[in-house]
Amino acid sequence: MAPAVRSVPRPSGPLAPPDRVRVFDTTLRDGEQAPGAGLTAAEKLEVARQLARLKVDVIEAGFPAASPGDFAAVQRIARET
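Sequence positions in the sequence shown follow this note's numbering and run 16 to 96.
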C-alpha cells in the first residue's frame, strides 16, 4: 500500500518579516532538568533578572509543583522581576 501523501500549505506570495519577535524562555524549567544543572533560589532569581533585563517576553520560571523549594523560588521570581 502506498503511503498517504499530504499536501503542505505554501504561501501564495512573499512573506513579510514579523514586526516583532517574541521570546519565550524555558531556561529555568528545562535547563534544570539536565544532569548537574541544579541552581539555587538566588541563582534562579539572578537568571530571571537578567532575562527580564534583556526584555524576554515570557520567562518560564520553573516547575513549582516539583517541591516547596521550587514553589518558593518561582513565587519570588514572579514578585521580583
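Beta carbons: idealized from backbone N, C-alpha and C, even for Gly.
By the C-beta density criterion, residue 55 is exposed, having fewer than 16 other C-beta atoms within 10 angstroms.
Here residue 79 has 85, 86, 89 as same chain residues with Cβ atoms under 6 Å from its own Cβ, once five neighbours each way along the sequence are excluded. Counting the other Cβ atoms within 10 Å of the Cβ of residue 40 gives 16 or more, which makes it buried. In this structure, the beta-carbon distance from residue 30 to residue 76 does not fall below 8 Å. Scanning its chain for C-beta atoms nearer than 7 Å, with the 5 sequence neighbours on each side dropped, one finds around residue 53 the residues 47, in chain order.
At the C-beta level, residue 92 and residue 70 stay beyond 8 Å of one another.
With a beta-carbon spacing of about 4 Å, residue 67 and residue 96 fall inside the 8 Å limit used to define contacts.
Within the same chain, Cβ atoms closer than 7 Å to the Cβ of residue 63 are found at 43, 74, 76, 92, 96, the five residues on either side in sequence being excluded.
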